[in-house]
Amino acid sequence: MLTKLVFEFLQSLSDIEIVGGLTLLSLLIGGIIMGVGVIIARTARLLFTKYYAPTLPQDSAKNFGKLIYFGIIILSFLVFTSTTGVDFSGLLVAGGIFGIVIGFATQSVVSNLISGIFLMIEKPVKQGDKIEIPGSDVSGTLLDISTFSVRIRKFDGTIIRIPNESFFTSNIRSLSSTPVRRSEAMVGIAYKEDIDAAISVLEKAIRNSLPFVLILPKPEFRINELADSSINIEILVWHPRDDWDQVGPKLLKVAKNAFDAAGIEIPFPQRVVWKSQE
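One point on numbering: in this note's numbering, the residue at position 272 of the sequence shown is 296, and numbering is uninterrupted.
Set out below in structure tokens:
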């Protein structure tokens, strides 16, 4: 008896047409589908956040969570539209034309969105890395990669926002991906000085004044150029990545003090002007 009443109730709902062939029964079924879709979407996002998100960078996990949630919602809506029996062809045509117009107007937005997805998949750099974009004045710490842009805190403390498309298509130099780094400096000595003696002075000064410099690979000293006023020696030292500020900015200072103590001349350009006697 109860089954018969339920059947008659559903039959009555199917006889009530709202608009364009859309019945009250199909609308009810569609609402149930959408409700179930929302529950599944929230459950999937919760499981992802609990079990998989901790293994991903924070910004990537947040964006993937949104992608899962809204992806399931969209699929539920497509199932809903297929069960209603309503002809959406006219709406699709109008939507297609409108989509083309919007596409031209928002192509940079779409490009940034797609670039952001590829950045999160490829992961050329991660949150907290120190990076540099060669050919520009952008260098600093990567804060996050969001849906449309990247934020970098520069070494001067300011924050710069870069569109994902520009960041994705740029050459990115990572300053944090390897455990050791190399610092270089150039110093010149006078032509009258002994090159081997000058290098020996540099080796001793680096060993005593810069304990962060690695023994292996050992420091290198190369004759870079026989310049107009000096013999230029290039100094190359390796050190732990996080000790750059203890080595890089101090390397020239150590070399200058060592040469002064040893009496080795660091020349500067000079020009002699001869005045003719008439």
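A virtual CB, placed ideally from N, CA and C, is assigned to each residue, including glycine.
Taking just the CA atoms, how far does Asp168 sit from Pro235?
-> One-based indexing of the sequence shown puts residue 235 at position 211. One-based indexing of the sequence shown puts residue 168 at position 144. Going by the C-alpha atoms only, they are around 34 angstroms apart.
Taking Glu258 as part of the beta strand (DSSP E), name the residues at either end of that continuous run.
-> Position 234 of the sequence shown, counting from 1, holds the residue named residue 258. Taken as a continuous stretch (DSSP letters only), the beta strand (DSSP E) holding Glu258 covers 255–264.
Counting only runs of 3+ residues fully inside the segment 178–243, write out the beta strand (DSSP E) ranges in chain order.
-> Runs found: 183–187, 204–213.
Same chain, Cβ closer than 7 angstroms to Ile184, neighbours up to 5 away in sequence not counted = For this step, residue 184 is matched to residue 160 along the sequence shown. A distance below 7 angstroms between beta-carbons, with the five flanking residues on each side excluded, links Ile184 to the following residues of its chain, in chain order: Val162, Ile176, Lys178.
Ser254 vs Pro203 beta-carbon contact at 8 angstroms = Taking the sequence shown and counting its residues from 1, the one referred to as residue 254 is at position 230. Taking the sequence shown and counting its residues from 1, the one referred to as residue 203 is at position 179. No. Outside cutoff.
Roughly how many angstroms separate the alpha carbons of Ile239 and Lys150, rounded to a whole number?
-> Here residue 239 is taken as the residue at index 215 of the sequence shown, counted from 1. Here residue 150 is taken as the residue at index 126 of the sequence shown, counted from 1. Taking the straight line from one Cα to the other gives about 30 angstroms.
Whose C-alpha, out of Phe283, Ile138, Ala65, Leu275, is nearest the C-alpha of Ala209?
-> Residue mapping note: residue 209 aligns to position 185 of the sequence shown, counting from 1. Relative to the Cα of Ala209, the nearest Cα in the group Phe283, Ile138, Ala65, Leu275 belongs to Leu275.
Among Asn195, Val278, Glu258, Tyr76, which one has its Cα closest to the Cα of Gly159?
-> Position 135 of the sequence shown, counted from the start, is the residue given in the question as residue 159. Comparing C-alpha distances from Gly159 to each of Asn195, Val278, Glu258, Tyr76 shows the shortest one belongs to Asn195.
Out of Asn188, Lys277, Ile213, Asn232, which has the shortest C-alpha to C-alpha gap to Ile138?
-> Here residue 138 corresponds to residue number 114 of the sequence shown, with the count starting at 1. If we check each option's Cα against that of Ile138, Asn188 comes out closest.
Option in Val278, Arg265, Asp220, Asn232 with minimal Cα separation from Asn246 = For this step, residue 246 is matched to residue 222 along the sequence shown. A quick correction: the sequence has Arg, not Asn, at residue 246. Distances from the CA of Arg246 to each of Val278, Arg265, Asp220, Asn232 were compared; the closest alpha carbon is that of Asp220.
For the alpha helix (DSSP H) containing Asp284, list its first residue and its last residue.
-> Numbered from 1 along the sequence shown, position 260 holds the residue referred to as residue 284. Start and end: 275–286.
In this structure, does DSSP put Val174 in helix, strand or coil?
-> Taking the sequence shown and counting its residues from 1, one reaches residue 174 at position 150. DSSP places Val174 in strand when its eight states are reduced to three.
How far does the alpha helix (DSSP H) with Asp269 in it reach, from first residue to last?
-> Along the sequence shown, one-based indexing puts residue 269 at 245. Residues 268–271.
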